[in-house]
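Number of protein chains: 2
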Amino acid sequence: MTPSIDPNGYPTSPAGFKAGAAYAGIKTYGEGKLDLAILASDQPCTVAATFTRNRLHSASVDVNRAHVAGNRAQAVVVNSGIANSSTGQRGLNDARQMTEWTAARLGIQDADVLVCSTGVIGHFLPMQQIGAGIDSITLDSGGGEAFARAIMTTDTRPKHGSVRFGPYTLGGATKGSGMIHPNMATMLAFLTTDAPVEPAFLQSALSAVVDRSFNLLSIDGDTSPSDTVLLFANGAAGGGTITADSPLAAEFVEALESLCVYLAKEMARDGEGATKLIEFTVRGAASVNDARTLVRLLSTSYLLKSAVHGADPNWGRVIAVAGRSGVVMSEPGVTASICGIRVFEGECPTEFDASAVAAAMRGDTVTIDVDLGVGSSEATGWGCDLSADYVSINADYHT
Amino acid sequence: MTPSIDPNGYPTSPAGFKAGAAYAGIKTYGEGKLDLAILASDQPCTVAATFTRNRLHSASVDVNRAHVAGNRAQAVVVNSGIANSSTGQRGLNDARQMTEWTAARLGIQDADVLVCSTGVIGHFLPMQQIGAGIDSITLDSGGGEAFARAIMTTDTRPKHGSVRFGPYTLGGATKGSGMIHPNMATMLAFLTTDAPVEPAFLQSALSAVVDRSFNLLSIDGDTSPSDTVLLFANGAAGGGTITADSPLAAEFVEALESLCVYLAKEMARDGEGATKLIEFTVRGAASVNDARTLVRLLSTSYLLKSAVHGADPNWGRVIAVAGRSGVVMSEPGVTASICGIRVFEGECPTEFDASAVAAAMRGDTVTIDVDLGVGSSEATGWGCDLSADYVSINADYHT
Numbered sequence: 064m065t066p067s068i069d070p071n072g073y074p075t076s077p078a079g080f081k082a083g084a085a086y087a088g089i090k091t092y093g094e095g096k097l098d099l100a101i102l103a104s105d106q107p108c109t110v111a112a113t114f115t116r117n118r119l120h121s122a123s124v125d126v127n128r129a130h131v132a133g134n135r136a137q138a139v140v141v142n143s144g145i146a147n148s149s150t151g152q153r154g155l156n157d158a159r160q161m162t163e164w165t166a167a168r169l170g171i172q173d174a175d176v177l178v179c180s181t182g183v184i185g186h187f188l189p190m191q192q193i194g195a196g197i198d199s200i201t202l203d204s205g206g207g208e209a210f211a212r213a214i215m216t217t218d219t220r221p222k223h224g225s226v227r228f229g230p231y232t233l234g235g236a237t238k239g240s241g242m243i244h245p246n247m248a249t250m251l252a253f254l255t256t257d258a259p260v261e262p263a264f265l266q267s268a269l270s271a272v273v274d275r276s277f278n279l280l281s282i283d284g285d286t287s288p289s290d291t292v293l294l295f296a297n298g299a300a301g302g303g304t305i306t307a308d309s310p311l312a313a314e315f316v317e318a319l320e321s322l323c324v325y326l327a328k329e330m331a332r333d334g335e336g337a338t339k340l341i342e343f344t345v346r347g348a349a350s351v352n353d354a355r356t357l358v359r360l361l362s363t364s365y366l367l368k369s370a371v372h373g374a375d376p377n378w379g380r381v382i383a384v385a386g387r388s389g390v391v392m393s394e395p396g397v398t399a400s401i402c403g404i405r406v407f408e409g410e411c412p413t414e415f416d417a418s419a420v421a422a423a424m425r426g427d428t429v430t431i432d433v434d435l436g437v438g439s440s441e442a443t444g445w446g447c448d449l450s451a452d453y454v455s456i457n458a459d460y461h462t
Numbered sequence: 064m065t066p067s068i069d070p071n072g073y074p075t076s077p078a079g080f081k082a083g084a085a086y087a088g089i090k091t092y093g094e095g096k097l098d099l100a101i102l103a104s105d106q107p108c109t110v111a112a113t114f115t116r117n118r119l120h121s122a123s124v125d126v127n128r129a130h131v132a133g134n135r136a137q138a139v140v141v142n143s144g145i146a147n148s149s150t151g152q153r154g155l156n157d158a159r160q161m162t163e164w165t166a167a168r169l170g171i172q173d174a175d176v177l178v179c180s181t182g183v184i185g186h187f188l189p190m191q192q193i194g195a196g197i198d199s200i201t202l203d204s205g206g207g208e209a210f211a212r213a214i215m216t217t218d219t220r221p222k223h224g225s226v227r228f229g230p231y232t233l234g235g236a237t238k239g240s241g242m243i244h245p246n247m248a249t250m251l252a253f254l255t256t257d258a259p260v261e262p263a264f265l266q267s268a269l270s271a272v273v274d275r276s277f278n279l280l281s282i283d284g285d286t287s288p289s290d291t292v293l294l295f296a297n298g299a300a301g302g303g304t305i306t307a308d309s310p311l312a313a314e315f316v317e318a319l320e321s322l323c324v325y326l327a328k329e330m331a332r333d334g335e336g337a338t339k340l341i342e343f344t345v346r347g348a349a350s351v352n353d354a355r356t357l358v359r360l361l362s363t364s365y366l367l368k369s370a371v372h373g374a375d376p377n378w379g380r381v382i383a384v385a386g387r388s389g390v391v392m393s394e395p396g397v398t399a400s401i402c403g404i405r406v407f408e409g410e411c412p413t414e415f416d417a418s419a420v421a422a423a424m425r426g427d428t429v430t431i432d433v434d435l436g437v438g439s440s441e442a443t444g445w446g447c448d449l450s451a452d453y454v455s456i457n458a459d460y461h462t
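Sequences listed follow chains A and B, in order.
Note that the working numbering has the first sequence beginning at 64, numbered continuously upward.
Note that the working numbering has the second sequence beginning at 64, numbered continuously upward.
Below is the structure:
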């Protein structure tokens, strides 16, 4: 049974986490919105992290890589509006400065503070305003909502949730979703738990779950220089340390996966210009890698995303992507379904009722299922439709 | 010096080639437009071909693979409107039938006729109308224009040209460009020459040139089950057979490349919803493969294509693609230019005049140049901008 998500949960839902936010004047759009936030634990946490693989990454990623090396952290400071990416040595100094100011404000060590920046590439941070902003932030356990709002750029709504496992709570907030402030694609996710978790297991669980959730999400196929997922475990709810061999280990991973999948779907639904969520499932694959490869290709097809936008049961576009994917398949065994209705099998279209499929596709979620007919591996991933709004969001804005 | 293209040239420009076309009633849209065509040589030709690598390819590709096995052909019959793809055994029979009827009409052998179909996937061809259409077609040396029009689907204009090398002519026509009749991406190119060319050299020259031209073209990143490039050499202009060691070999390859690049750019300009051509050049790469990989990624980026549409000098999107590409680069050595203006170097944006770059981007051609700073390999490829029209062409049409 999939653990049930509380959509009103936040990173401050687990015991011992507080947050707060301010408007520091970094965002030049959406004047007056929150753009600076701090999330902190009352006590040092075990931390796990995954970062962008983009070679040309942002300064904050360099700082965070160093600070999480000991698997320990206590807080993260985040700004939206400017990504502090492609800003050279000055950008690196600014990112470090943000951790120092936040550490001073909280009375903790610099190395226990992480930093994330999201927004326009190639601009320098307004450090004076950030300094004043950090000083003005007050943290409390109800601050999760402000935190989730302050990390938004072109997001249209905050994305957050929590889930229970055993006696513990796992909470999170994320931002998407597309190229965000129309200058870079960037996703950030901040996850917290009050469970005590052994560092190596926390990292291996996070890495595995990210591969099954955020790494199977695509809005537009562009990975960002800032992508970051952080998971803080402060142990505030007590109990013995959870390791890979603990009775609670499987339940913890299941809860983490269910929260990350929930947040990934929320990001897809709020993709730039998106009007619906698409869930892609590939079964019958020779390997999980093959299944994931095809999920990723399907979720980035301009043609398929356009067809879904128009509620067009265009199975030919699904088959064309499968054919070019390079994954192992049995041509006669390949089947495809749209919204649960089989549309292709035995190398030919079925005699499906096109108007019934089109009607189902007009809902807020469209499922695309492909069976490759060769194995037992599978993967599920998420994307969104491609609308004219996507183009205008990304074309009509000028840097 | 690049050979100069005659934009009024056709596949019938080389000596000994004739063509003709008819409306057979296959296209249900654009009523009354030409949708069936034959291109034939007066004498058997040496033929070279490249086909889609899509596993789920169309019936015509199977027939053509068998018919070109002996490197000999004399004619090709083409229909637009229906792709005859994902149509199983019946589709294969129909494709063979088209070659038989055309062979009978021309008084030549079945195996010397090739067949191409482009349009909607998963529909059967109306064979009775095709039979009547083939019987009604009259071939003549001025038929190139009708041929170039009959192979169009959602193309807005015919795409054709010719070029001279030594005493010979090379002509061609192609269709693009995007998902064509909004059900499948498909490109077809028909190239002819009156030079006598040795079969193995003809094929190796075509394969190499296709890698440097059509294979570096992207409208939307989706490869089609029908992509086909055919090159017929009938030797009608006389002279000794051109081999890899002939004095004319280099000139032939240069002419072929210049024609294929011209046609590829024409296809990009006429991409679905496109308002401009984008030419991507990657230099300083460790290998040609790296340079081509990055060209392909740049040309398929939703974000970069949207930015170009809006004439937004958004260099961050170029750098973000380079960073995620996985190709070898020297971060401090990476540079990027838009329309010839350097916008990024030394890990930071230059102090470029954004309004000057934006003004240049409002022209009908935008160039994007990236230097990876590690080697001497390079590649150039082509794409087009992403417009709201692309979405409506592909979303608002219903299968």
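Beta carbons are placed, not taken as given, at the ideal position from N, Cα and C, and that holds for glycine.
In this text the structure is predicted, and so the values were computed from the model without any measurement.
Contact belief for residue i with residue j at Cβ below 8 Å, rounded distance in angstroms
i                     : j                     : result
residue 141 (chain B) : residue 179 (chain B) : 5 Å
residue 183 (chain B) : residue 369 (chain A) : With 8 Å as the limit, residue 183 (chain B) and residue 369 (chain A) do not qualify as a contact, their Cβ atoms being about 16 Å apart.
residue 187 (chain A) : residue 82 (chain A)  : Not really, about 26 Å apart at Cβ, beyond 8 Å.
residue 412 (chain B) : residue 406 (chain B) : 6 Å
residue 169 (chain A) : residue 103 (chain A) : 6 Å
residue 427 (chain A) : residue 339 (chain A) : 5 Å
residue 434 (chain B) : residue 397 (chain B) : 7 Å
Extent of the continuous alpha helix (DSSP H) run through residue i
i                     : result
residue 468 (chain A) : Within the shown structure, residues of chain A are numbered from 64 to 462, placing residue 468 (chain A) beyond reach of any answer.
residue 258 (chain B) : Residue 258 (chain B) -> no alpha helix (DSSP H), and no H or E assigned at all.
residue 456 (chain B) : 451-458
residue 270 (chain A) : 262-275
residue 368 (chain B) : 365-372
residue 218 (chain A) : Per DSSP, residue 218 (chain A) belongs to no alpha helix (DSSP H) and is neither H nor E.
residue 69 (chain A)  : Residue 69 (chain A) -> no alpha helix (DSSP H), and no H or E assigned at all.
residue 132 (chain B) : Neither: residue 132 (chain B) is in no alpha helix (DSSP H) and is coded neither H nor E.
residue 362 (chain A) : 351-362
Straight-line Cα distance separating residue j from residue i
i                     : j                     : result
residue 425 (chain A) : residue 374 (chain A) : 6 Å
residue 387 (chain A) : residue 205 (chain A) : 50 Å
residue 417 (chain A) : residue 366 (chain A) : 18 Å
residue 376 (chain A) : residue 431 (chain A) : 10 Å
residue 89 (chain B)  : residue 325 (chain A) : 47 Å
residue 149 (chain A) : residue 290 (chain A) : 14 Å
residue 76 (chain A)  : residue 236 (chain A) : 11 Å
residue 146 (chain A) : residue 312 (chain B) : 53 Å
residue 364 (chain A) : residue 279 (chain B) : 18 Å
residue 213 (chain A) : residue 65 (chain B)  : 56 Å
residue 399 (chain A) : residue 393 (chain A) : 13 Å
residue 78 (chain A)  : residue 112 (chain A) : 20 Å
residue 274 (chain B) : residue 264 (chain B) : 15 Å
residue 243 (chain A) : residue 335 (chain A) : The predicted model places residue 243 (chain A) with a pLDDT of 30, which falls under 50 and marks its position as unreliable; any figure quoted below should be read in that light. Cα to Cα, residue 243 (chain A) sits roughly 7 Å from residue 335 (chain A).
residue 403 (chain A) : residue 177 (chain A) : 44 Å
Limits of the unbroken beta strand (DSSP E) element including residue i
i                     : result
residue 108 (chain A) : 99-114
residue 293 (chain B) : 291-296
residue 238 (chain A) : 231-238
residue 443 (chain B) : 440-447
residue 181 (chain B) : 176-183
residue 480 (chain B) : The structure shown does not extend to residue 480 (chain B), since chain B is modelled only from 64 through 462, so no value can be given for it.
residue 226 (chain B) : 222-228
residue 194 (chain B) : Not the beta strand (DSSP E): residue 194 (chain B) falls in the alpha helix (DSSP H), residues 190-199.
residue 82 (chain B)  : 80-85
Residue i CB to nearest heavy atom of the ligand NAP below 8 Å
i                     : result
residue 237 (chain B) : This structure lacks the ligand NAP; in fact it carries no ligand of any kind.
Beta-carbon neighbours of residue i, restricted to chain E and to distances below 7 Å
i                     : result
residue 457 (chain B) : No chain E is present in this structure, whose protein chains are A and B.
Cβ contact (3+ pairs, closer than 8 Å) linking the stretch 440-457 of chain A and the stretch 354-367 of chain A:
yes
Say whether the stretch 291-302 of chain A touches the stretch 248-262 of chain A, bearing in mind that this needs 3 or more beta-carbon pairs closer than 8 Å, one atom from each stretch.
yes
Can you find at least 3 beta carbon pairs, one from the stretch 214-230 of chain B and one from the stretch 304-322 of chain B, that sit closer than 8 Å?
yes
Every unbroken alpha helix (DSSP H) within the stretch 394-437 of chain B, with a cutoff of 4 residues, ordered by chain:
417-424
Fully enclosed by the stretch 290-345 of chain B, which alpha helix (DSSP H) runs are 4 residues long or longer?
312-332
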